[in-house]
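**Q**
Protein chains in written order, with my numbering: chain A, 1 to 177; chain B, 178 to 439.
(1) In chain order, what residues of the segment 13–34 of chain A put their CB closer than 8 Å to some CB of chain B?
(2) Does the distance from the C-beta atom of residue 25(A) to that of residue 233(B) stay below 7 Å?
(3) What are the boundary residues of the alpha helix (DSSP H) that includes residue 31(A)?
(4) At the 7 Å Cβ level, is residue 55(A) part of the contact set with chain B, yes or no?
(5) Check whether the segment 32–41 of chain A and the segment 216–224 of chain B touch, using three or more Cβ-Cβ pairs below 8 Å as the test.
(6) Let me make sure I understand the geometry here. Which of 7(A), 156(A), 166(A) and 170(A) has the alpha-carbon closest to that of residue 189(B)?
(7) List, in order along the chain, the chain A residues whose C-beta lies closer than 7 Å to that of residue 244(B)?
(8) Please list the partners that residue 159(A) has in chain B, where partner means a Cβ-to-Cβ separation under 9 Å.
(9) Quick one: residues in its chain with C-beta nearer than 7 Å to the C-beta of residue 31(A), no 5 flanking neighbours on either side, listed in chain order?
(10) Please state whether DSSP places residue 344(B) in a helix, a strand or coil.
(11) Kindly list the residues whose CB is nearer than 8 Å to the CB of residue 167(A), restricted to its own chain and excluding five residues on each side of it in sequence; keep chain order.
(12) Check whether chain A comes within 7 Å of residue 204(B), counting only Cβ atoms and requiring the distance to be less than that.
(13) Would you give the residue range spanned by the alpha helix (DSSP H) that residue 88(A) belongs to?
(14) What residues in its chain sit with their C-beta under 6 Å from that of residue 162(A), if we drop five residues either side in the sequence?
(15) Please report the straight-line C-alpha distance between residue 52(A) and residue 158(A), rounded to a whole angstrom.
(16) Would you mind telling me which residues of chain B sit closer than 9 Å to residue 115(A), beta carbon to beta carbon, in chain order?
(17) Determine the chain B residues that contact residue 50(A) at a beta-carbon separation under 7 Å, and present them in chain order.
(18) Of all the residues that make up the segment 139–157 of chain A, which are near chain B by a beta-carbon distance shorter than 9 Å?
(19) Give the secondary structure of residue 123(A) by DSSP, where H, G and I count as helix, E and B as strand, and everything else as coil.
(20) Measure from the alpha carbon of residue 172(A) to the alpha carbon of each residue in 143(A), 120(A) and 130(A), then state which is nearest.
(21) DSSP state of residue 146(A), grouped into three classes?
(22) Using the beta-carbon of each residue, which ones in chain B are nearer than 8 Å to residue 6(A)?
(23) Please look up how many angstroms separate the CB atoms of residue 216(B) and residue 187(B), rounded, as I've assumed it's under 8 Å.
(24) Alpha carbon to alpha carbon, how far is residue 39(A) from residue 79(A)? Give it in angstroms, no decimals.
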């Protein structure tokens, strides 16, 4: 997916072509949904957040500056939506120890759940950088643009987040590879 | 051991942006220092663990639900890009001559409110403001219609409201010579932040809708009062543009019935 294509689709959407926005949804629904899921830790919340993020992006499309990357802008909306949703529902306060139980019997499913639980325990600032770096493979610069942070801050947050995650994962009894 | 340099190198290694020289330097550091080696091992382990986590599949219902919502919006033109929730045009058209009396009453109340607002300190913090309050230069607020200078152009003024405050409601008052008509506009509370009013292009663009003025009352719900003096023979709608904090312009048209001849 190229930035030029995104810019063209944005222009066409602004010109009234709803199908152009549909193409943007096709491109970005998976990363947007996954970012939302990793931030909220809940599939239903993630779907709501993803829907809301796309609708807000559509409403605010006129304010999108084509000098920037569309996906950075979209991720930013998604992360804000996800953090707001999570805040409202106080997931981080009421995380039930059984929340990840019964998600499956296969080893990797349990492991996925435990990793997600550790991600949930990170502060929102740390969670956002971890999700964008490790799940969306964004560069430091792209993370910085998405979150409105200097690269230096991205690096330091990422280092702290990884260090904390290591402790949390060990506490959860995960054998790190 | 230079911790900063070490952590930078480890992170660069994890993120695949390590040059051969830097790789060599990192190897030397971890070979000489057990703590450095352990730090590297731990961070690499975290990174690998995260890499094993599956990406979630998107629920099949996601895209159709977004498209349905978008198509529903597209089919209601006045809601496009606008958060204003009151059908203003139909409100004003529905006013009967008796409405003039009620309108006059409203105008009186509004004037009282202006006087009240003028006497109390400006309620918003300076930092809330993104601009200054300005009036159009030629038409005084609340001037009776007969004394509004007649402009050559049609009524196509626009008012841009810069955003920043914490507004949830707006009362628009239109003066049509024989009465003041008002309507309340409501906005999503967390989206509209407004603190200043600027009649766009006054002086160069024909702001023939007359004067615009803002009065603010900061209570549990802040109320924004907009006053427009309008031409008696105007038939074109007035465009109201609200720019919210996210930079989006919400536009709506305010149409109204011309006042009955005296």
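Virtual Cβ for every residue (Gly too), placed ideally from N, Cα, C. Keep in mind the model is a prediction, meaning the values are calculated, not measured.
**A** Quick answer:
(1) 18, 21, 22, 25, 26, 29, 30, 33 and 34
(2) Position 25 of the first chain, counted from the first residue, corresponds to residue 25(A). Position 56 of the second chain, counted from the first residue, corresponds to residue 233(B). Contact: no.
(3) For the purposes of this step, residue 31(A) is identified with residue 31 of the first chain, where counting begins at 1. Its alpha helix (DSSP H) spans residues 18–40.
(4) Taking the first chain and counting its residues from 1, one reaches residue 55(A) at position 55. Closer than 7 Å: yes.
(5) no
(6) Residue numbering aside, residue 189(B) sits at position 12 when the second chain is read from its first letter. Taking only the C-alpha atoms, the option nearest residue 189(B) is 156(A).
(7) Within the second chain, residue 244(B) is the residue found at index 67, counting from 1. Residues of chain A passing the Cβ test: 22.
(8) Taking the first residue of the first chain as position 1, residue 159(A) is located at position 159. Chain B residues near residue 159(A): 184, 185, 187, 188 and 220.
(9) Numbered from its first residue, the first chain carries residue 31(A) at position 31. Result list for residue 31(A): 136, in chain order.
(10) The residue given as residue 344(B) occupies position 167 in the second chain. With a pLDDT of only 32 at residue 344(B), under the threshold of 50, the placement of this residue in the model should not be trusted, and no figure is reported.
(11) Within the first chain, residue 167(A) is the residue found at index 167, counting from 1. Excluding sequence neighbours, residue 167(A) sits near nothing in its chain.
(12) As a position in the second chain, residue 204(B) is number 27, starting the count at 1. So, not an interface residue.
(13) Here the question's residue 88(A) lines up with position 88 in the first chain. 70–89 is the extent of the alpha helix (DSSP H) around residue 88(A).
(14) Sequence index remark: in the first chain, residue 162(A) carries index 162 (1-based). There are no such residues.
(15) Counted from its first residue, the first chain places residue 52(A) at position 52. Counted from its first residue, the first chain places residue 158(A) at position 158. In a straight line, the C-alpha of residue 52(A) is about 27 Å away from that of residue 158(A).
(16) Taking the first chain and counting its residues from 1, the one referred to as residue 115(A) is at position 115. Near residue 115(A) (Cβ distances below 9 Å), the residues of chain B are 226, 227, 229 and 230.
(17) By 1-based counting over the first chain, the position of residue 50(A) is 50. Residues of chain B passing the Cβ test: 239.
(18) 139, 140, 155 and 156
(19) If you number the first chain from 1, residue 123(A) lands on position 123. Coil, per DSSP.
(20) Reading the first chain from its first residue, position 172 is the one you call residue 172(A). The shortest C-alpha separation from residue 172(A) is found at 120(A).
(21) Position 146 of the first chain holds residue 146(A). In the structure shown, residue 146(A) sits in a helix (DSSP, three-state: H, G or I).
(22) As a first step, residue 6(A) is located in the first chain; it is residue number 6 there, counting from the start. Near residue 6(A) there are no residues of chain B at all, since even the closest Cβ is about 17 Å away, more than 8 Å.
(23) What you label residue 216(B) is simply residue 39 of the second chain in a count that begins at 1. What you label residue 187(B) is simply residue 10 of the second chain in a count that begins at 1. At roughly 7 Å, the Cβ-Cβ gap stays under 8 Å, so residue 216(B) and residue 187(B) are in contact.
(24) Within the first chain, residue 79(A) is the residue found at index 79, counting from 1. Within the first chain, residue 39(A) is the residue found at index 39, counting from 1. If I take the Cα positions, the gap works out to 7 Å.
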